[in-house]
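Number of protein chains: 2
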Amino acid sequence: MPYRAAVDDFNFLFDHVVGLDALRKTERFAEASDDVTRAILTEAGKMCDEVLAPVQRNGDLHPAVLENGIVRTSPGFAEGFAAIAEGGWIGMSADPEYGGMGLPMMLTSAVNEMMSGACLSLQLAPLMSQGQIEALEHHASDAIKALYLPKLISGEWTGTMNLTEPQAGSDVGALSSKAEDNGDGTYRVSGQKIYISWGDNDFAQNVCHLVLARLPGAPEGTKGISLFLVPKFLPNEDGSIGARNGVSVVSLEHKMGLHGSPTAMMQYDNATGWLVGPEQGGMAAMFTMMNNARLGVGGQGIGAAEGAYQMALDYALERKQGRAEGTGAIIEHADVRRMLLTMKADTFAARAIALSCAQAIDMNTATGDTEWKARAAFLTPIAKAFGTDTGIAVAEMGVQVHGGMGFIEETGAAQFSRDVRVTAIYEGTNGIQAMDLVARKMMDGGEAAGRLLDEVETHAEAARDAFPNMADAVWQASESLREATEWLVAQGDLNDRFAGAVPYLRAFARVLGGHMHLKAAMADKGGAREKLARFYIQRLLPEHVGLLAHAQAGDDALYAITVDELVA
Amino acid sequence: MPYRAAVDDFNFLFDHVVGLDALRKTERFAEASDDVTRAILTEAGKMCDEVLAPVQRNGDLHPAVLENGIVRTSPGFAEGFAAIAEGGWIGMSADPEYGGMGLPMMLTSAVNEMMSGACLSLQLAPLMSQGQIEALEHHASDAIKALYLPKLISGEWTGTMNLTEPQAGSDVGALSSKAEDNGDGTYRVSGQKIYISWGDNDFAQNVCHLVLARLPGAPEGTKGISLFLVPKFLPNEDGSIGARNGVSVVSLEHKMGLHGSPTAMMQYDNATGWLVGPEQGGMAAMFTMMNNARLGVGGQGIGAAEGAYQMALDYALERKQGRAEGTGAIIEHADVRRMLLTMKADTFAARAIALSCAQAIDMNTATGDTEWKARAAFLTPIAKAFGTDTGIAVAEMGVQVHGGMGFIEETGAAQFSRDVRVTAIYEGTNGIQAMDLVARKMMDGGEAAGRLLDEVETHAEAARDAFPNMADAVWQASESLREATEWLVAQGDLNDRFAGAVPYLRAFARVLGGHMHLKAAMADKGGAREKLARFYIQRLLPEHVGLLAHAQAGDDALYAITVDELVA
């Protein structure tokens with residue numbers, strides 16, 4: 001069976017778990033009616049199933065290549081991108097003034113995730129454009145907006161983000177690319193950038209790079225960084241394509257997966273660029289783009305999880321093996337069920353968390369309420385790290401469900417596993433996400449976390465009559481998490497927080513997942529969703545106990561062992 | 001820094017954690033003195049570092065290929081195999097009567113693991129031969145032994161095992177290969193086998209296949225299966241090579257990793273074979289080979305973990321990034337330390353468990369004591385599944401430590417991850433291992449498990465004075481595991497055990513790991529091993545709580561959801 005975008009699951013989530021009701025009451029999103037959202041999901045799902053999923057294998061088998069300085073993309077990718085562009089899916093949440101649909105991020109997240117499950121490597125292209133669109137909307141001059149946004153939203157042009165340099169990965173502040181003022185409103189940008197996703201392609205008329213660089217005399221570190229828009233071709237005022245700019249692709253990386261997405265080393269030689277945001281205000285602008293992209297990358301993980309789950313489920317339904325009851329297929333084996341239900345339950349949890357993050361973004365956009373802003377900020381690293389960890393774990397389990405066939409490339413299960421692996425690394429490694437969660441996102445003394453847990457516990461109380469055991473398990477887990485949160489907040493030495501950041505983030509996601517499943521169970525009493533919730537709460541939620549022990553261990557044990565002892 | 005076989009770790013384990021003393025007191029292994037074992041580890045380690053590790057990348061970059069029916073192996077593999085053969089490492093534990101060294105499996109396991117860390121795909125070749133040697137030693141006629149064993153032990157010939165057919169993977173009993181009696185002591189074997197590791201090569205004079213097939217009129221299922229030895233070339237009585245036999249390589253698989261190991265589809269067309277063991281006694285003989293191979297595959301996982309850990313450690317020591325204290329390298333970051341210490345601590349735990357399994361095999365060999373036999377049987381699935389899961393998780397973390405570089409193939413970190421992935425699948429998937437543990441290995445009512453836990457708790461009591469917290473944590477975890485074991489044993493419906501088999505196996509390994517680390521701490525008070533034990537017991541051991549909740553959930557929740565609901 002081919003890929004089927006999880007349209008029903010999103011409809012259920014919007015109806016019962018992470019509702020759109022509050023959003024629809026705002027002026028900003030009043031038009032996102034039930035009819036509209038259902039139609040959009042159906043339409044986007046159709047494209048995913050019919051156009052994108054069929055080219056997924058092409059990306060792996062026929063990777064993007066660099067020929068004479070030109071990037072040739074995988075067969076069918078140009079058509080796939082055209083379908084995404086024509087559907088309006090790039091600019092779903094973009095400003096209607098420039099051709100966008102002005103829809104909530106909740107819907108964009110849903111569609112992005114569905115596209116990721118269909119063809120992860122291709123979906124990364126519009127995701128990069130979306131980040132650029134949002135950065136330009138917030139930080140660019142009106143002239144730049146008027147010139148670039150319509151082209152990016154229509155998909156005639158694509159966007160990239162250029163942060164990393166060989167000596168500056170997670171530590172963006174160490175970058176050495178330079179920019180100098182030409183005195184005519186333009187700058188000349190020089191330097192080398194690595195790991196540039198979709199650094200070039202052969203289907204867009206222009207490729208627009210957002211490049212972090214340092215102006216003369218700028219201070220060291222992130223403070224001294226400015227952001228520049230550097231197009232491959234210099235546009236004329238009417239938006240037509242002008243001269244070739246001083247930017248080129250040096251090479252493409254040979255990667256473990258995601259072969260359909262060209263990962264470029266880019267060279268800028270006195271390339272003409274335009275400042276976006278104020279001088280030395282590059283990081284703020286970049287963070288706009290990164291926050292968007294982090295949620296998007298979380299969605300990539302979840303999409304890959306959905307695709308891998310469906311493939312494994314199909315195999316388990318068809319593969320006859322052993323003394324299985326019922327259908328005689330391996331799905332009747334307890335351990336295969338354990339794997340499939342784990343995959344399904346975690347995918348649902350990660351999806352609900354990501355939508356919850358998107359909801360907070362939308363509510364903040366619509367109302368300006370800072371509590372929603374704080375929630376979005378708090379949930380972003382969780383959505384990114386848990387979404388991608390889930391993608392990796394689910395794809396890995398998908399390989400296992402296939403047995404020996406899983407290790408054979410022709411099956412396609414291994415591709416999901418190889419492709420999704422990078423999502424835990426790019427847009428800030430999952431370790432960076434966890435550090436962000438326990439440091440920056442707890443500068444409020446744990447308030448945003450506490451409000452989330454209040455909500456979890458209030459709902460658990462309301463669910464006690466219907467599901468006493470499940471409600472109690474979620475409530476208890478939330479209390480344990482609250483204690484751990486208070487412990488973290490009380491640590492003056494940030495390193496004591498960092499030492500347990502990754503297990504803490506995962507425990508938070510586990511508890512939120514329990515909350516989401518409990519909500520689903522309440523909306524489907526006696527149905528499949530209640531049963532899935534039981535599986536999750538009974539079997540997966542208890543993982544938080546070990547994680548929280550790990551999270552509150554402090555950094556002593558990490559540094560007790562000396563480097564010499566490690567090397568010995 | 002290149003790969004350094006973990007010779008010191010093995011010496012420490014043999015001295016303090018999984019001692020060789022009892023073995024040395026037996027007549028069988030009296031010669032395995034301290035001097036001998038140290039010399040062997042040093043010598044084997046040297047070969048791993050200098051000969052095998054340098055060809056590891058070749059396997060990935062220049063996979064084995066099938067050309068005109070002939071398998072061409074990766075550059076340097078022939079020389080690597082020759083070094084293994086010349087060192088005597090294939091027949092380390094084989095009968096000295098046929099050229100073996102008669103050494104304990106503990107040493108063979110150590111050397112196998114060291115070779116796996118150096119070059120996993122090549123090491124699989126001698127591992128296959130070792131399994132065949134053991135099967136022939138136990139089940140073949142004297143004539144076959146005299147003819148084949150010297151050649152296999154010397155490495156002039158290699159061995160394979162042929163179980164799987166397209167419709168018969170984990171369910172071996174479904175196989176359809178046929179054998180008919182020629183009436184002259186030989187049989188003609190026909191059928192197709194898939195996933196045959198090292199099904200052919202260009203460095204051995206002969207390749208000997210152990211093939212499961214069914215004689216005419218044999219009952220269905222595993223009961224009706226016989227085992228045949230089918231060489232590529234029919235040997236003359238003097239051991240020289242005779243006529244080509246009716247066996248050929250149809251194709252090689254295109255795999256996610258382990259490209260250096262040719263995984264063949266084999267075709268048998270009235271190939272001449274010799275019966276090994278009695279007619280319809282094939283499964284018993286095959287189990288000899290499989291038990292050996294399962295421990296060996298566990299060692300492959302641990303070796304890959306060691307290799308991946310070393311590569312990640314080197315990177316973390318060299319890579320400058322962020323505001324790191326001390327050396328300025330990323331190893332100073334808490335989360336990188338968390339990853340490296342997790343990798344190191346789990347590798348040690350898995351290694352100690354595998355050696356403990358080998359010890360039980362050796363003690364049973366030397367004394368015939370059935371308690372040791374039961375222990376070996378109980379520990380084999382744990383050593384296999386936890387060793388390979390650790391290999392996969394550690395290699396995965398190794399990729400993460402490398403950040404963006406981890407996803408780039410040139411780095412080599414991704415290769416570890418891709419190569420080791422199959423170890424959780426072949427020689428019985430890890431799900432099969434777990435089912436074996438909770439069913440066959442608990443037919444004794446949990447006695448073997450209970451004796452292990454008695455030992456864990458007795459040692460914890462002895463460690464209480466020195467390390468009250470650590471000892472108590474291990475003791476408590478053991479008690480929880482004992483309760484879970486009793487719960488499993490009490491389940492009349494095996495499916496209730498299977499439903500939690502994988503988490504139970506992992507919890508058992510977690511607790512045994514705590515035991516091994518506590519022993520290490522006792523032998524190195526105040527030293528690096530005590531510190532590593534603290535890390536493990538404080539941060540990783542608590543994982544057992546969630547696992548044991550999962551293990552005791554029964555199968556109700558797994559089957560509450562119908563297949564229709566899953567597909568919907």
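First to last, the sequence lines map onto chains V and W.
Going by the UniProt record's numbering, the first residue of the first sequence is number 1, and it counts up by one from there.
Going by the UniProt record's numbering, the first residue of the second sequence is number 1, and it counts up by one from there.
Think of the CB as a built atom: it goes at the ideal place given N, C-alpha and C, for glycine as much as any other residue.
Annotation: Cβ neighbours of W/F407 in chain V (cutoff 7 Å, chain order): K255, M256, R421, V422, I425.
Between W/Y309 and W/K344 a beta carbon distance of about 6 Å is seen, short of the 8 Å cut, so the two are scored as contacting.
If only uninterrupted alpha helix (DSSP H) runs of at least 4 residues are considered, those enclosed by the segment 314-376 of chain V are 334-367. The Cβ of V/Q321 sits closer than 8 Å to at least one Cβ of chain W. The beta carbon of W/A293 does not come within 8 Å of any beta carbon belonging to chain V, so the residue lies off that interface.
Among the residues facing chain W, V/K525 is not included, as its CB has no counterpart in that chain under 8 Å away.
DSSP places W/S226 inside the beta strand (DSSP E), whose first and last residues are 225-231. DSSP places V/V247 outside any alpha helix (DSSP H); the residue lies instead in the beta strand (DSSP E), whose first and last residues are 247-252. In the pairwise beta carbon analysis, the segment 378-393 of chain W is classified as not touching the segment 352-367 of chain V: fewer than three pairs are separated by under 8 Å. Taken through DSSP and simplified to helix, strand or coil, W/T429 comes out as coil. Closest by C-alpha distance to W/Y98, out of W/S141, W/L107, W/D369, W/P150, is W/P150. Cβ-Cβ distances below 6 Å link V/E427 to A293, R294, V297 in the same chain, with the five nearest sequence neighbours on each side left out; the list follows chain order. Residue-level contact by beta carbon holds for W/R337 and chain V, with a gap shorter than 8 Å.
Pairing W/M522 with W/P468, the inter-Cα distance amounts to about 12 Å. Counted as a single uninterrupted DSSP element, the alpha helix (DSSP H) harbouring V/H139 occupies residues 120-139. Nearest to W/S261 by alpha-carbon distance, out of W/F77, W/W475, W/T562, W/E31, is W/F77. For W/G59, the three-state secondary structure derived from DSSP is helix. Secondary structure at W/W198: coil, using DSSP grouped into helix, strand and coil. Going by C-alpha positions, W/F228 is about 14 Å away from W/F287. Around the beta carbon of W/E306, 16 or more other beta carbons sit within 10 angstroms, so the residue counts as buried. At a C-beta separation below 8 Å, W/T429 has these neighbours in chain V: Q400, G403. One alpha carbon belongs to W/A118, the other to W/F416, and they sit about 10 Å apart.
V/K151 sits in a helix when the DSSP states are folded into three classes. In summary, W/Q132 is buried, with 16 or more beta-carbon neighbours lying within 10 Å of its beta-carbon over all protein chains present. In the three-state reduction of the DSSP assignment, V/V18 falls in the coil class. Taking a Cβ-Cβ threshold of 7 Å, the residues of chain V close to W/E565 are A528, in chain order. At a cut-off of 8 Å between C-beta atoms, V/K373 does not count as an interface residue with respect to chain W.
If you draw a straight line from the Cα of V/A520 to the Cα of V/A354, it comes to about 15 Å. Below 8 Å, too few C-beta pairs join the segment 44-51 of chain W and the segment 170-188 of chain W to call them touching: fewer than three. Legend: CB atoms of the segment 433-455 of chain W lying less than 8 Å from CB atoms of chain V belong to residues A434, M435. With a 10 Å radius around the Cβ and a threshold of 16 neighbouring Cβ atoms, W/R421 comes out buried.
DSSP places V/H517 inside the alpha helix (DSSP H), whose first and last residues are 501-523. Chain W places no beta carbon closer than 8 Å to that of V/F10, leaving this residue out of the contacts.
The beta carbons of V/M114 and V/G303 sit closer together than 8 Å. Not a single C-beta of chain W is nearer than 8 Å to the C-beta of V/K384. A residue is called buried when at least 16 other Cβ atoms come within 10 angstroms of its Cβ; W/V567 does not meet this threshold and is exposed.
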